Amino acid sequence: PLHESYFVFFMPESAEIVPAARPILDQAAADAARSGVAGVTVRAYAAKGEGAGEGEDAADAPRNPAAIAAERATAVAEILVANGVAADEVQIQVVGIAPQPAPALTPEMDRRVEILLDPGYRSYSVLQDGGRPWVATLR
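When you number the sequence shown by the numbering used here, it's gap-free, plus one each residue, and the end is 141.
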């Protein structure tokens, strides 16, 4: 069965893909390729308080939470494309700070990227001639 969404979580202030996330990314890319989805949305978030570092020089300067989320989205999108998802099918959405509180998630889980597969179709079933089902798939 096609999973329509996947979650990848990150360490604070980081866009590094942790090894535990690799199987999730591999599965999302495989499902997208196998199912012929119309598109893949990579939606990125940062947790409240991220980007509020205290640095003396440019290397330690605080970053905008949206910039951290964008780095996460880019890292995930690059892996999806490397695993066979067409680059023109990937859309990045940067949310920035996740709405608080995110449903069923802890604040730590707000440091995430959601991968959403768009199947690109809707099926309609109606009864026709003698009660036989008729299904139309629209793309």
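C-beta atoms are modelled at their ideal positions from N, C-alpha and C, and glycine is treated no differently.
Given the structure is predicted, the values throughout are model-derived calculations rather than measurements.
Can you give me the C-alpha to C-alpha distance between residue i and residue j, rounded to a whole angstrom?
i	j	result
D90	G98	23 Å
D33	V78	15 Å
E110	S37	32 Å
I70	A84	21 Å
Y8	A68	20 Å
Name the one or two DSSP bridge partners that residue i has.
i	result
G41	D120
Which same chain residues end up closer than 6 Å to residue i when comparing Cβ atoms and leaving out the 5 residues on each side of it in sequence?
i	result
I81	L27
A23	V10
Are there 16 or more other CB atoms within 10 angstroms of the CB of residue i, so buried, or fewer, so exposed?
i	result
G53	buried
A40	exposed
P14	exposed
V20	exposed
A48	buried
Near residue i, what residues of its chain come up, given a Cβ to Cβ distance below 8 Å and the 5 sequence neighbours on each side ignored?
i	result
A75	V44, R45, A46, I94, Q95, V96 and V115
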